[in-house]
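In our numbering, the protein residues as written are 4 to 295. For every residue, glycine included, the Cβ atom is placed at its ideal position computed from N, Cα and C. These notes are about the structure you will find just below.
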């Protein structure tokens, strides 16, 4: 679902674009502990109080606008600021498990390749949609694909996924699965991506897809952009491959605020030149929008 608010995008040359957020979760605050991806996921799953969706999306939109963000790539399984028309951008309907694919949806978020059945991916391949997917967010995730085992596999079994589903991922990668189905292209954004193998980056580059980096979220969870890690070289490799890069905040489940400037500061802190960062903060193509 695409929403354009003319008053919000009057100056696209200076406006900021948050290419990835989950505004429906804005009323829940940071539960990251820099202790790794799986501990964070378990804390998210343990949240007992359902979010106040209407309040969450309204507060998220107001917070982003206060920073100069005028459009957002907004995941939402239930609600989103874009869906309510509170800010411009694209609402990606988030699919989890075996959730049905609405016939009228034009923008879909595959929460992750390993969290939806292959039949859902095959259904998506029969439609010309704007797509977003979390991929390469952690080392545990990539172990799942390399070996069909590890702590991520254990969590999937706990959550009711079959051993056959997990085994079907072994020896593959998120982008190789999506690309085989013809899903990777200029209408796709890949969120996080810091642990993807070179072969997946090559697919993204060749197909003209976009990568959305979320440095604050990754640092807070403890998966990337940490002192002494390889984040600088990984990001520079993406630039060198000609990949379209954008910047996102992710949700306040893994950060304190929906601030693109905080995310840009981390990139600058690890050595990325400001001249490379600024276009990432204004990448309208990454959310599939053209500004007249």
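{"Asked": "Whether residue 74 touches residue 97 by CB criterion (9 Å)", "Found": "no"}
{"Asked": "Residue 107 classed as buried or exposed, judged by whether at least 16 other C-beta atoms fall within 10 angstroms", "Found": "exposed"}
{"Asked": "With 16 other Cβ atoms within 10 Å as the buried cut-off, status of residue 274", "Found": "exposed"}
{"Asked": "At least three beta-carbon pairs within less than 8 Å, the region 88-104 to the region 263-282", "Found": "no"}
{"Asked": "Where residue 233 sits in the DSSP three-state scheme", "Found": "coil"}
{"Asked": "8 Å contact criterion, which residue 280 and residue 260 should meet: CB distance rounded", "Found": "In fact, because the Cβ distance is near 18 Å, the residues do not count as touching under 8 Å."}
{"Asked": "Sequence-distant residues of the same chain with beta carbon closer than 8 Å to residue 286, five excluded per side", "Found": "20, 22, 213, 247, 248, 249, 250"}
{"Asked": "Exposure label - residue 13; buried when at least 16 CB within 10 Å", "Found": "Bear in mind that the predicted position of residue 13 carries a pLDDT of just 43, short of 50, making it too unreliable to give a figure here."}
{"Asked": "Buried or exposed by the 16-neighbour rule on C-beta atoms within 10 Å, applied to residue 203", "Found": "buried"}
{"Asked": "Minimum C-alpha distance to residue 99 - residue among 122, 84, 86", "Found": "122"}
{"Asked": "Proximity below 9 Å, CB of residue 40 to CB of residue 117", "Found": "no"}
{"Asked": "Outcome for residue 221 when other beta-carbon atoms lying within 10 angstroms are tallied against a minimum of 16", "Found": "buried"}
{"Asked": "Residue of 209, 265, 178 minimising C-alpha distance to residue 245", "Found": "209"}
{"Asked": "For residue 140, the three-state DSSP class (helix, strand or coil)", "Found": "coil"}
{"Asked": "Touch test, the region 137-149 against the region 189-204, Cβ-Cβ under 8 Å, three pairs minimum", "Found": "yes"}
{"Asked": "Three-state secondary structure assigned by DSSP to residue 191", "Found": "strand"}
{"Asked": "Given 8 Å, three or more beta-carbon pairs between the region 30-39 and the region 218-238", "Found": "yes"}
{"Asked": "Best match in 160, 167, 134, 159 for proximity to residue 181 [C-alpha to C-alpha]", "Found": "134"}
{"Asked": "Chain-order list of residues whose beta-carbon lies under 6 Å from that of residue 104 (same chain, five-residue window excluded)", "Found": "126"}
{"Asked": "Short CB-CB distance (under 9 Å) between residue 193 and chain C", "Found": "Among the protein chains of the structure shown there is no chain C, as only one such chain exists."}
{"Asked": "Short Cβ contact (9 Å threshold) for residue 17 with residue 71", "Found": "yes"}
{"Asked": "Proximity test, residue 210 beta-carbon vs the ligand FMN heavy atom, cut-off 8 Å", "Found": "Although the ligand FMN was asked about, the structure shown includes no ligands whatsoever."}
{"Asked": "Backbone secondary structure at residue 215 - three-state DSSP", "Found": "strand"}
{"Asked": "Beta-carbon proximity check, residue 207 vs residue 219, cutoff 9 Å", "Found": "no"}
{"Asked": "Option nearest residue 47 by Cα separation, candidates 34, 188, 57, 59", "Found": "34"}
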